[in-house]
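The letter at position 102 of the sequence shown is residue 102 when you use full-length UniProt numbering, and the numbering goes up by one with no holes. Note that CB positions come from ideal geometry on N, CA and C, so glycine has one too. Everything on this sheet refers to the single structure shown next.
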Amino acid sequence: MLFIELVVIGGVYSVTIKPAETFRVAVWKNAVSVVLVHNHPGGAVRPSEEDKDVTDHLIQVGRILNINVVDHLIIAPETFFSFEINGLMEELRKSMKYVPPYEIAERIREAAEEAK
């Protein structure tokens, strides 16, 4: 099934994204994956550093919840930008910035076991 849900409405220049609000409906509907979408009404769809950082954070929250963040789309009246198509999702999935310390420790233990 496909659901489209409005999670938050922001101001003219910014919006505060809270992971709990972002994933609330996905958890409630037992979603296994989500696509994030937001707009840049001015027409420029190049992702800002904040866009990348929020996506990085939400990917890690999704991992904890077992909800795959498939893509993040920035839409404008005439065009769009896909993090997946442009390789940013792969890059952000490798990021360690928001990985919880317990998961880093587990990865280190697993790597040590594999090295034996």
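Subject >> Range of the contiguous alpha helix (DSSP H) that encloses Phe23 >> reply: On the sequence shown, residue 23 is found 23 positions in, with the first residue counted as 1. Its alpha helix (DSSP H) spans residues Pro19 to Trp28.
Subject >> Residue nearest to Leu36 in terms of C-alpha spacing, selected from Arg107, Asn30, Lys52 and Gly42 >> reply: Start at 1 with the first residue of the sequence shown, and residue 36 comes out as number 36. Closest option to Leu36, Cα to Cα, is Lys52.
Subject >> Leu36: first and last residue of the uninterrupted beta strand (DSSP E) it sits in >> reply: Mapped onto the sequence shown, residue 36 falls at position 36. Here the beta strand (DSSP E) through Leu36 covers Ser33 to Asn39.
Original post:
Touch check for the stretch 97-104 and the stretch 43-61: three-plus C-beta pairs under 8 Å?
Top reply: The count of Cβ pairs closer than 8 Å, one atom from the stretch 97-104 and one from the stretch 43-61, reaches three, so the stretches are in contact.
**OP:** Please go through the same chain and pick out, in chain order, the residues whose beta-carbon is closer than 8 Å to the beta-carbon of Leu92, but skip the five residues on each side of it.
**Re:** Locating residue 92 in the sequence shown gives position 92, where the first residue counts as 1. Hits under 8 Å: Lys52, Thr55, Asp56, Ile59 and Phe83.
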